[in-house]
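These notes are about the structure you will find just below.
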Amino acid sequence: MIEVKDIYKSFSGNDVLKGISGKFEEGVTNLIIGGSGSGKTTLLKCMVGLHQPDSGSVLYDGRDFTPMTYEQRIEVRKEIGMLFQGSALFDSMTVEDNIMFPLNMFTNQTRKEKLERVNFCLERVNLAGKNALFPAELSGGMKKRVGIARAISMNPKYLFCDEPNSGLDPKTSIVIDELIQELTEEFKTTTIVVTHDMNSVMGIGDYILFLHEGKKFWEGSNKEIAHTDIKELNDFVFASSFMKAAKDKF
Amino acid sequence: MNFTNFGRYILLLKSVFRRPEKLKIYLKEIAKQMDYVGVGSLGLIAIISTFIGAVMTLQIAFQLVSDFIPKTIIGSVNRDSSILELSPTISAIVLAGKIGSAISSEIGSMRVTEQIDALEIMGINAPGYLILPKIISGITMVPMLVIISMFLSISGGYLGGSLSGAVTPSEYLQGITTDFNPYTIVVALVKAFVFGFIITSVPAYEGFYVRGGALEVSQASTRAVVISCISILVCDYLVTQLLL
Numbered sequence: 001m002i003e004v005k006d007i008y009k010s011f012s013g014n015d016v017l018k019g020i021s022g023k024f025e026e027g028v029t030n031l032i033i034g035g036s037g038s039g040k041t042t043l044l045k046c047m048v049g050l051h052q053p054d055s056g057s058v059l060y061d062g063r064d065f066t067p068m069t070y071e072q073r074i075e076v077r078k079e080i081g082m083l084f085q086g087s088a089l090f091d092s093m094t095v096e097d098n099i100m101f102p103l104n105m106f107t108n109q110t111r112k113e114k115l116e117r118v119n120f121c122l123e124r125v126n127l128a129g130k131n132a133l134f135p136a137e138l139s140g141g142m143k144k145r146v147g148i149a150r151a152i153s154m155n156p157k158y159l160f161c162d163e164p165n166s167g168l169d170p171k172t173s174i175v176i177d178e179l180i181q182e183l184t185e186e187f188k189t190t191t192i193v194v195t196h197d198m199n200s201v202m203g204i205g206d207y208i209l210f211l212h213e214g215k216k217f218w219e220g221s222n223k224e225i226a227h228t229d230i231k232e233l234n235d236f237v238f239a240s241s242f243m244k245a246a247k248d249k250f
Numbered sequence: 001m002n003f004t005n006f007g008r009y010i011l012l013l014k015s016v017f018r019r020p021e022k023l024k025i026y027l028k029e030i031a032k033q034m035d036y037v038g039v040g041s042l043g044l045i046a047i048i049s050t051f052i053g054a055v056m057t058l059q060i061a062f063q064l065v066s067d068f069i070p071k072t073i074i075g076s077v078n079r080d081s082s083i084l085e086l087s088p089t090i091s092a093i094v095l096a097g098k099i100g101s102a103i104s105s106e107i108g109s110m111r112v113t114e115q116i117d118a119l120e121i122m123g124i125n126a127p128g129y130l131i132l133p134k135i136i137s138g139i140t141m142v143p144m145l146v147i148i149s150m151f152l153s154i155s156g157g158y159l160g161g162s163l164s165g166a167v168t169p170s171e172y173l174q175g176i177t178t179d180f181n182p183y184t185i186v187v188a189l190v191k192a193f194v195f196g197f198i199i200t201s202v203p204a205y206e207g208f209y210v211r212g213g214a215l216e217v218s219q220a221s222t223r224a225v226v227i228s229c230i231s232i233l234v235c236d237y238l239v240t241q242l243l244l
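From first to last, the protein sequence lines stand for chains H and Z.
In this text, residue positions in the first sequence follow full-length UniProt numbering: the first is 1, and each later residue adds one.
In this text, residue positions in the second sequence follow full-length UniProt numbering: the first is 1, and each later residue adds one.
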């Protein structure tokens, strides 16, 4: 479980996060949603330590991450897998080398063992046999799936996904969403997905944290979101006429 | 480079020299970088050094018109100029353009495509993994390139003098072997070591802190080359002042 407590973050006097708190349970898909500039990616980066919060704490199963030393953070980060918005695959490496990279760095496994793990991860994301391809030879959806394979290669306890559906067609988006949900349930990871994709919200949002102008406005599940009266949330989730019509049917 | 940037540069260097996560992977990366910096720049350095040596001979011969000055002096002046100044400094400035811009662009692109963030999330010391192999390859391969450059520059002088008739081969050879002070080689290698460090660390710093996109990466690359060249010239003066 990951818990954030009263997180504040500002850049050059501009307050981006204003006292965010929330609990993200393991084995369920936790979503952070909000409009552009609402602070969701900043919150994610504060949680993984890419940004240092001005105040507040981030607890990984009770371990406070924010005051940790560099060496202590490294130990926690070995338990983290992350899928980046642009996949962030290493251009100079093949798919196989990308997935094997953390294994090379942090394990003493034999080449055969590492290859078995790589092939397992690739099979899990339906990309078996694509080992020798370079990132430039992959489609957007394939890159995301390789990103997920790399993120799960070290069997992480915590899985972070930053806008996993951005730039993907609706069908591929659903494939990625379902994959994230399956992996979360299968490996009992604490999964946090930052998104503004409404299909994801309605499809896999076991727990949803809605941010608006740097504040937590609402939290609940995808079943509850249709029945909320909060204007800011309704304006965000049911912005399109199609979604409004769908809400009326609930 | 203002004081804030200089401070950040020092802090970056501090993280570069943290203990590597896995030495074997770092060694592999160092070998790759040595191949790129050393072998990859050999042709360019060879061409530049040979022609500079040849041109130097012609220019010295053109300026030494007095009958009281022996022609062997052409070889001596060419040798000392090549060893002390031309080979280390010109090579370093050329390498700053070739290697410096490549390092800055590579690391800058990795920054804007979140590859550096990915390394950090994995628990890898990104400055160490990305920059340390480049610095080690710079401080080892640039002195080697400079040694080759010295040899080729003096040989180029021989060829230039012989082909043009500005100096006879025997006079030139006598000149380069007269009053040779081996200490000049030490000074040149110290310079090459310092320049190798600048050529790799300054562009790495510029690339590592890029914010934005393709435009900012290209601007960082240009800035890296300019700052490297100025730093090379300043350090050239300082090392010369200190050691000679």
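Glycine is no exception: its CB is placed at the ideal position from the N, C-alpha and C atoms.
### Query
Hey, quick one: how far does the alpha helix (DSSP H) through H/E186 stretch, first residue to last?
Position 186 of the first sequence holds residue 186 of chain H. First-last of the alpha helix (DSSP H) with H/E186: 170-187.
### Query
Do you know how far the Cα of H/K114 is from the Cα of H/N108?
As a working mapping, residue 108 of chain H is identified with position 108 in the first sequence. As a working mapping, residue 114 of chain H is identified with position 114 in the first sequence. Whole-angstrom Cα-Cα distance: 9 Å.
### Message
Excluding the 5 residues flanking H/S21 on each side, which residues of the same chain have their C-beta closer than 7 Å to its C-beta?
### Response
Here residue 21 of chain H refers to the residue found at position 21 of the first sequence. These residues qualify, in order along the chain: V4, K5, D6, K216.
### Cβ-Cβ separation, H/C121 to H/A149 (assumed contact under 8 Å), whole Å
For this step, residue 149 of chain H is matched to residue 149 along the first sequence. For this step, residue 121 of chain H is matched to residue 121 along the first sequence. With 8 Å as the limit, H/A149 and H/C121 qualify as a contact, their Cβ atoms being about 4 Å apart.
### Message
8 Å is my cut-off, CB to CB: does H/K171 come that close to chain Z?
### Response
Counted from its first residue, the first sequence places residue 171 of chain H at position 171. H/K171 does not count as touching chain Z.
### Message
Which residue wins for smallest C-alpha separation from Z/A220, given the options Z/L42, Z/S231, Z/F208?
### Response
The sequence position of residue 220 of chain Z within the second sequence is 220, counting from 1. That would be Z/F208, whose Cα lies nearest to the Cα of Z/A220.
### Query
From H/N165, H/G147, H/G214, H/K78, pick the residue whose C-alpha is nearest to that of H/G37; which is it?
Position 37 of the first sequence, counted from the start, is the residue given in the question as residue 37 of chain H. Nearest of H/N165, H/G147, H/G214, H/K78 to H/G37, Cα basis: H/G214.
### Task
Reducing DSSP to helix, strand and coil, say where Z/S149 ends up.
Here residue 149 of chain Z is taken as the residue at index 149 of the second sequence, counted from 1. In the structure shown, Z/S149 sits in a helix (DSSP, three-state: H, G or I).
### Among H/G19, H/T172, H/P102, the one whose alpha carbon lies nearest that of H/G140
What you label residue 140 of chain H is simply residue 140 of the first sequence in a count that begins at 1. Out of H/G19, H/T172, H/P102, the CA that lies nearest to the CA of H/G140 is found in H/T172.
### Query
Looking at the structure shown, is residue 252 of chain H part of a helix, part of a strand, or coil, going by DSSP?
Here chain H comprises residues numbered 1 to 250, so residue 252 of chain H is not present and cannot be evaluated.
### Task
Reducing DSSP to helix, strand and coil, say where Z/T89 ends up.
Reading the second sequence from its first residue, position 89 is the one you call residue 89 of chain Z. Helix at Z/T89.
### Task
Can you pull the chain Z residues whose beta carbon is under 7 Å from the beta carbon of H/F24, in chain order?
Counting from one through the first sequence, the residue named residue 24 of chain H turns up at place 24. Within chain Z, no residue comes near H/F24; the closest Cβ sits about 17 Å away, beyond 7 Å.
### Message
Residues of chain Z with CB closer than 7 Å to the CB of H/I74, please, in chain order.
### Response
The sequence position of residue 74 of chain H within the first sequence is 74, counting from 1. Result: G123.
### Query
What residues in the stretch 85-114 of chain H have a beta carbon less than 8 Å from any beta carbon of chain Z?
Q85, G86, A88, L89, F90, D91, F101, P102, N104, M105, F106
### Query
Which one of H/N199, H/S153, H/F236, H/K9 has the shortest CA to CA distance from H/L43?
The sequence position of residue 43 of chain H within the first sequence is 43, counting from 1. Nearest of H/N199, H/S153, H/F236, H/K9 to H/L43, Cα basis: H/K9.
### Task
Please say whether H/V194 and H/D162 have beta carbons closer to each other than 8 Å?
Taking the first sequence and counting its residues from 1, the one referred to as residue 162 of chain H is at position 162. Taking the first sequence and counting its residues from 1, the one referred to as residue 194 of chain H is at position 194. Yes, these two residues count as a Cβ contact at 8 Å.
### Task
Indicate whether at least one CB of chain H lies closer than 8 Å to the CB of Z/K22.
For the purposes of this step, residue 22 of chain Z is taken as the residue at position 22 of the second sequence. Chain H, which has a Cβ nearer than 8 Å to the Cβ of Z/K22, makes this yes.
### Option in Z/D35, Z/I176, Z/I60 with minimal Cα separation from Z/A166
For the purposes of this step, residue 166 of chain Z is identified with residue 166 of the second sequence, where counting begins at 1. Nearest option by C-alpha distance: Z/I60.
### Query
What's the C-alpha gap between Z/I198 and Z/A31?
The count along the second sequence starts at 1 and reaches residue 198 of chain Z at position 198. The count along the second sequence starts at 1 and reaches residue 31 of chain Z at position 31. For Z/I198 and Z/A31, the distance between alpha carbons rounds to 19 Å.
### Task
Name the residue from Z/G123, Z/S41, Z/I47, Z/D35 whose alpha carbon lies nearest to the alpha carbon of Z/K22.
Reading the second sequence from its first residue, position 22 is the one you call residue 22 of chain Z. Looking at the Cα atoms, Z/G123 is the closest of the given residues.
### Message
Check whether the stretch 49-67 of chain Z and the stretch 124-136 of chain Z are in contact - that is, three or more C-beta pairs closer than 8 Å.
### Response
no
### Query
Is the beta carbon of Z/I99 less than 8 Å from the beta carbon of Z/A204?
Here the question's residue 99 of chain Z lines up with position 99 in the second sequence. Here the question's residue 204 of chain Z lines up with position 204 in the second sequence. Against a cut-off of 8 Å, the Cβ pair of Z/A204 and Z/I99 comes out as no contact.
### Query
Is it buried or exposed for H/R117, if we count other Cβ within 10 angstroms and need 16 for buried?
Numbered from 1 along the first sequence, position 117 holds the residue referred to as residue 117 of chain H. Classification of H/R117: buried, given that the 10 Å Cβ count is 16 or more.
### Message
Between which residues of its own chain and H/R63 is the CB-CB distance below 8 Å, once the five residues before and five after are set aside?
### Response
Residue numbering aside, residue 63 of chain H sits at position 63 when the first sequence is read from its first letter. The answer, listed in chain order, is V76.
### Query
Can you give, in chain order, each stretch of the alpha helix (DSSP H) that sits fully within the stretch 31-113 of chain H and has at least 4 residues?
40-48, 70-77, 95-106
#### Entry: Separation of H/P135 from H/G147, as counted between CA atoms
Taking the first residue of the first sequence as 1, we reach residue 147 of chain H at position 147. Taking the first residue of the first sequence as 1, we reach residue 135 of chain H at position 135. Rounded to the nearest angstrom, the two C-alpha atoms are 10 Å apart.
### Task
Find the residues of chain H that neighbour Z/T113, judging by a C-beta separation of less than 7 Å, and give them in chain order.
Along the second sequence, read from residue 1 onward, the residue named residue 113 of chain Z stands at position 113. The answer, in chain order, is G86, A88.
### Message
Here's a check: name, in chain order, each residue in its chain whose Cβ is nearer than 8 Å to the Cβ of H/V201, leaving out the five neighbours to either side.
### Response
Along the first sequence, one-based indexing puts residue 201 of chain H at 201. If we look at H/V201 and ignore the five residues flanking it on each side, its Cβ neighbours are L31, I33, T195, I208, N222, I225, V237.
### Query
According to DSSP, what are the bridge partners of H/G162?
The sequence position of residue 162 of chain H within the first sequence is 162, counting from 1. Inspection of the sequence shows that residue 162 of chain H is occupied by Asp rather than by Gly. H/V194.
#### Entry: Spatial neighbours of H/N104 in its chain, beta-carbon cut-off 8 Å, leaving aside the 5 residues before and after
Looking up residue 104 of chain H in the first sequence gives position 104. Correct list, in chain order: K114.
### Message
Strictly under 8 Å for the Cβ-Cβ distance: is H/V146 near chain Z by that measure?
### Response
For the purposes of this step, residue 146 of chain H is taken as the residue at position 146 of the first sequence. No - not a single Cβ of chain Z is within 8 Å of the one on H/V146.
### Task
Using 7 Å as the cut-off, classify the Cβ of H/T41 as near or not near the heavy atoms of the ligand NAP, replying yes or no.
In terms of ligand content, the structure shown is empty, and the ligand NAP therefore cannot be addressed.
### Task
Select from Z/V210, Z/G38, Z/C235 the residue whose C-alpha is nearest the C-alpha of Z/R223.
Within the second sequence, residue 223 of chain Z is the residue found at index 223, counting from 1. It is Z/V210 whose Cα lies nearest to the Cα of Z/R223.
### Message
Just verifying my parser: in three-state terms, what is the DSSP assignment at Z/Y205?
### Response
On the second sequence, residue 205 of chain Z is found 205 positions in, with the first residue counted as 1. Three-state result, Z/Y205: helix.
### Query
Taking the alpha carbon of Z/T184 as the point to measure from, which residue in Z/F17, Z/E85, Z/S109 has its own alpha carbon closest?
What you label residue 184 of chain Z is simply residue 184 of the second sequence in a count that begins at 1. Checked all of Z/F17, Z/E85, Z/S109; the closest Cα to Z/T184 is Z/E85.
### Task
Locate the alpha helix (DSSP H) running through Z/V16, then write down its first and last residues.
Translated into the one-based positions of the second sequence, residue 16 of chain Z becomes position 16. 3-16 is the extent of the alpha helix (DSSP H) around Z/V16.
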